[in-house]
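Shown next, in structure tokens, is the structure this report addresses.
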Amino acid sequence: MTETGDRIQPSFKNLTHKDYGRPNDKQHMPLQELTRPHVDSFNYMLEEGLGKAVQLIYPVEFALPNGDRISFTVLDANVYKPVVSQSNKTSVNLKVYPAECRQRFVTYKGNFQITFVWKINNKPQDTVERTIEEIPIMVKVGLSPKELVKHGEEAEEMGGYFIVNGLEKVIRMLIMPRRNYAMCMIRPSWRSRGKQYTEYGVQIKCVRQDQTGMNNVLHYLSNGSATIGFGYLKELFYVPVMFILKGLMNVTDKYIYDQLVNGKEDDSFYKGCIVFMLRQALTEDLTTQTKVLQYIGSKFRIKLPLPEWYSDEEVGQFLIRECICIHLENNTDKFNLLIFMIRKLFAFSKGECAAESADSPANQELLLGGHLYLAVLKVDHGRLL
């Protein structure tokens with residue numbers, strides 16, 4: 001562009017440049033940065049996410065009519081580069097590039113393969129590899145500008161999208177609540193969740209290393225107690241939070257009381273609420289961790305996809321592991337987090353701290369396309385098994 005007075009005139013001097021029409025050795029980085037979050041999230045899924053997701057998939061177990069117990073455990077999962085069908089015997093180059101998919105109106109996809117071991121009565125029988133489906137692959141070929149042009153792509157191809165039936169599609173970013181942060185909220189709709197429920201609550205979105213998440217909400221009840229709400233298989237459940245605390249650690253009621261009341265010894269109302277919740281557990285004769293887990297397991301057995309030979313205690317352990325503070329790996333950390341959330345909930349209900357806005361950017365994060373893709377694949381794993 002050239003300046004003439006107050007007007008800017010277009011310039012065509014680049015058309016006469018000696019390197020005009022020749023791709024550069026490297027791509028223009030500012031353009032590549034535009035789609036880097038999409039590409040990096042998909043690369044994370046391929047390099048790390050799938051491996052972590054496989055480790056967190058619970059084995060599928062069932063019994064045969066003769067009494068033998070069968071189990072399937074996923075060991076590994078891999079996504080392969082797009083190639084032509086194995087039945088094609090005439091292709092010279094087996095690789096498939098995005099330009100070809102656009103021209104042929106097909107999907108740029110690769111094989112999704114899982115490796116699993118199956119056992120009879122806990123004795124390994126065989127390790128099996130199966131290609132279970134073909135899934136779309138995000139476009140971003142790691143080639144130089146010259147190689148991209150050779151394969152029918154733009155020299156500055158940014159990637160970050162998928163080609164489905166010849167059409168370019170993108171998984172847009174979604175605004176999500178900030179992960180692993182206990183947030184005080186007022187929701188009038190919470191009153192409709194049950195008798196004595198109020199609009200006060202502390203919500204936390206727990207996210208595991210494989211990017212799967214679950215919401216836990218601590219509800220304040222008008223009788224001075226608290227329940228914890230969680231979802232499983234698209235159904236909501238509510239459990240007195242004191243039952244969960246006693247099921248996490250084998251400690252005395254005095255220890256739980258001291259942890260909750262520490263620093264608030266002069267607050268008689270708060271201390272009375274804690275005693276009331278502890279007495280709720282005693283009315284069900286839940287005096288030890290084992291009894292609490294057995295009680296929870298007996299109530300939730302019908303709702304959980306576990307084999308019939310699991311004891312009530314094992315069912316209770318499964319529920320706590322898969323539904324309560326899933327981003328934490330050990331029960332001690334889960335116990336301490338719930339102690340903190342209970343203290344924060346009662347302080348919030350008494351006006352000692354303010355409500356936090358879910359619309360504030362400080363309480364939000366972005367769900368990237370690759371992370372959402374990984375969560376969908378993990379769910380499909382369980383369904384296919």
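Numbering (this note's numbering), first residue to last: 1 to 385. Note that beta-carbon positions come from the ideal geometry of N, C-alpha and C, so glycine has one too.
Looking at the strands, I want to know which residues DSSP matches up with residue i.
i              : result
proline 305    : In DSSP, proline 305 forms no bridge with anything.
glycine 213    : Val207
tyrosine 161   : Val139
proline 177    : Gln364
asparagine 111 : Glu134
methionine 183 : Gln203
serine 251     : Checking the sequence, you will find valine at residue 251 rather than serine. Valine 251 pairs with nothing; no bridge assigned.
glycine 231    : Leu236
glutamate 129  : Thr115
leucine 94     : Partner(s): none; leucine 94 has no beta bridge.
lysine 123     : Ile120
Taking buried to mean at least 16 other C-beta atoms within 10 Å of its own C-beta, is residue i buried or exposed?
i                : result
threonine 107    : buried
histidine 451    : This structure gives no information on residue 451, because the portion of the chain shown stretches from 1 to 385.
tyrosine 255     : exposed
alanine 156      : In the sequence under discussion, the amino acid at residue 156 is glutamate, which differs from the alanine named in the question. With fewer than 16 Cβ atoms within 10 Å of its Cβ, glutamate 156 is classed as exposed.
leucine 282      : exposed
arginine 343     : buried
glutamate 153    : buried
serine 222       : exposed
asparagine 216   : buried
proline 188      : exposed
arginine 279     : exposed
aspartate 210    : buried
phenylalanine 12 : exposed
asparagine 378   : Per the sequence shown, residue 378 should be read as lysine rather than asparagine. Buried, by the Cβ-count rule.
glycine 194      : exposed
glycine 231      : exposed
histidine 17     : exposed
serine 349       : buried
Under 8 Å by Cβ, that's how I've got residue i and residue j pegged, so tell me the actual separation to the nearest angstrom.
i                 : j              : result
valine 292        : lysine 334     : Not confirmed; about 14 Å, so no contact.
glutamine 32      : methionine 158 : 6 Å
phenylalanine 116 : valine 74      : 5 Å
methionine 183    : alanine 226    : Contact flag wrong, Cβ pair sits at about 16 Å.
valine 54         : aspartate 76   : 6 Å
aspartate 312     : arginine 301   : 7 Å
Query - Cβ pair count under 8 Å reaching 3, the region 189 to 203 against the region 251 to 261 - result: no
Query - Ordered list of beta strand (DSSP E) runs contained in the region 300 to 374, each at least 3 residues - result: Listed in chain order, the complete beta strand (DSSP E) runs (minimum 3 residues) inside the region 300 to 374 are 364 to 367.
Report task. Decide yes or no for the touch test of the region 16 to 23 against the region 345 to 363: beta carbon pairs closer than 8 Å, at least 3 of them. Result -> no
Report task. Flag this pair as touching only if the region 161 to 172 and the region 368 to 379 have three or more C-beta atom pairs under 8 Å; answer yes or no. Result -> In this structure the region 161 to 172 lies against the region 368 to 379, because at least three pairs of beta carbons, one per stretch, are closer than 8 Å.
Query - Segment contact, 8 Å Cβ cut-off, at least three pairs: the region 137 to 148 with the region 27 to 47 - result: A contact exists between the region 137 to 148 and the region 27 to 47.
Report task. Could you tell me which uninterrupted beta strand (DSSP E) segments, each at least 3 residues in length, are contained entirely in the region 4 to 86, listed from first to last along the chain? Result -> 7 to 9, 60 to 63 and 69 to 79
Report task. Report the residue ranges of all alpha helix (DSSP H) runs contained in full by the region 265 to 294; include only those spanning at least 4 residues, in chain order. Result -> 268 to 283
Query raised in the report: Three or more beta-carbon pairs under 8 Å between the region 118 to 129 and the region 85 to 99, yes or no?
Result: no
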